[in-house]
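Undergrad:
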Amino acid sequence: MGERKAVIRNARPEEWELLADIEAECFPPAEAATRESIEKRMRLFPENFWVAEAEGVILGFINGGATDQPELPDAFYHEEEKLHVPDGAYQTVFGLNVRPQYRRQGIARQLVMQMIEASRQRGKKGVILTCKEHLIPFYSSCGFVNHGVSDSVHGGAVWYDMKCIF
Numbered sequence: 007m008g009e010r011k012a013v014i015r016n017a018r019p020e021e022w023e024l025l026a027d028i029e030a031e032c033f034p035p036a037e038a039a040t041r042e043s044i045e046k047r048m049r050l051f052p053e054n055f056w057v058a059e060a061e062g063v064i065l066g067f068i069n070g071g072a073t074d075q076p077e078l079p080d081a082f083y084h085e086e087e088k089l090h091v092p093d094g095a096y097q098t099v100f101g102l103n104v105r106p107q108y109r110r111q112g113i114a115r116q117l118v119m120q121m122i123e124a125s126r127q128r129g130k131k132g133v134i135l136t137c138k139e140h141l142i143p144f145y146s147s148c149g150f151v152n153h154g155v156s157d158s159v160h161g162g163a164v165w166y167d168m169k170c171i172f
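So the mapping is simple: my numbering equals the position in the sequence shown, first residue as 1, plus 6.
1) Taking the alpha carbon of Leu102 as the reference point, which residue from Tyr166, Leu50, Thr136 has its own alpha carbon closest?
2) Excluding five sequence neighbours on each side, which residues of the same chain lie with their C-beta closer than 6 Å to the C-beta of Arg41?
3) Does DSSP classify Glu59 as helix, strand or coil?
4) Checking 9 Å against the spacing of the C-beta atoms, do Val164 and Val151 come in under that value?
5) Near Cys182, what residues of its chain come up, given a Cβ to Cβ distance below 6 Å and the 5 sequence neighbours on each side ignored?
6) Below 9 Å between beta carbons: does that hold for Phe67 and Ile28?
7) From this set, Lys88, Ala36, Met168, Arg15, which residue's C-alpha is nearest Leu50's C-alpha?
8) Thinking C-alpha only, which one of Asp167, Met119, Pro79, Glu45 is nearest His140?
9) By alpha-carbon positions, which one of Phe100, Ser125, Cys148 ends up nearest to Gly112?
10) Starting from Asp167 and walking both ways along the beta strand (DSSP E), at which residues does that stretch end?
11) Ignoring anything shorter than 4 residues or poking outside the region 65-140, list the alpha helix (DSSP H) runs there in chain order.
12) Where do the ends of the beta strand (DSSP E) carrying Arg15 lie?
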């Protein structure tokens with residue numbers, strides 16, 4: 007499939023329910039953020055929610071908190087209020103979601119590059135995330151470096167620490 011140009015913009019507070027639906031569509035139940043988590047994250051760090059939109063349809067979104075630690079601990083997924091440091095040195099990525107029918111069109115890359123650029127502009131030291139092994143090549147192509155198997159056991163899966171340090 008070809009590249010699809012989407013408008014990348016900050017999510018609006020009233021879109022949280024749609025984003026929660028997209029999260030549930032994109033991740034297995036053991037890994038997906040709950041509806042309550044998506045709503046809480048939108049309240050805590052709305053500036054870190056970016057959506058990809060085309061012709062009035064949200065194709066996907068990316069979100070994450072900020073931390074002073076160069077790792078993304080599992081606790082962050084459940085204790086956002088305690089662990090999110092608004093002026094933290096590192097931007098995290100909690101989730102990159104592209105609806106199945108819009109995948110392989112460059113949407114995920116546009117969202118990741120938006121998160122990287124916004125983080126640079128905000129003076130962060132870098133962007134950190136964990137991903138599954140099959141996604142290492144994608145994130146590497148976006149400028150991330152694989153730092154090996156993560157301590158994460160989120161959802162019972164094996165995750166890899168990926169860092170894009172500026």
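Ideal placement from N, C-alpha and C gives every residue a C-beta, glycine not left out. Given the structure is predicted, the values throughout are model-derived calculations rather than measurements.
TA: A quick look at the data gives this:
1) Your numbering for residue 102 matches position 96 in the sequence shown. Per the Cα distances, Thr136.
2) On the sequence shown, position 35 is the one that residue 41 refers to. Excluding residues within five positions, the ones whose Cβ falls inside 6 Å are Ala26.
3) Within the sequence shown, numbered from 1, the residue matching residue 59 stands at position 53. Reduced to three states, the DSSP call for Glu59 is strand.
4) Taking the first residue of the sequence shown as position 1, residue 164 is located at position 158. Taking the first residue of the sequence shown as position 1, residue 151 is located at position 145. Result no, Cβ atoms of Val164 and Val151 do not sit closer than 9 Å.
5) Because the chain here runs from 7 to 172, residue 182 falls outside it and cannot be looked at.
6) In the sequence shown, the residue the question calls residue 67 occupies position 61. In the sequence shown, the residue the question calls residue 28 occupies position 22. Closer than 9 Å, so yes.
7) As a working mapping, residue 50 is identified with position 44 in the sequence shown. Nearest C-alpha to Leu50: Lys88.
8) By one-based count along the sequence shown, residue 140 stands at place 134. Closest by alpha carbon: Asp167.
9) Along the sequence shown, read from residue 1 onward, the residue named residue 112 stands at position 106. The residue with the shortest Cα to Cα distance from Gly112 is Cys148.
10) What you label residue 167 is simply residue 161 of the sequence shown in a count that begins at 1. Per DSSP, Asp167 belongs to the beta strand (DSSP E) from 166-171.
11) 86-89, 113-127
12) Sequence index remark: in the sequence shown, residue 15 carries index 9 (1-based). Segment 13-16, the beta strand (DSSP E) holding Arg15.
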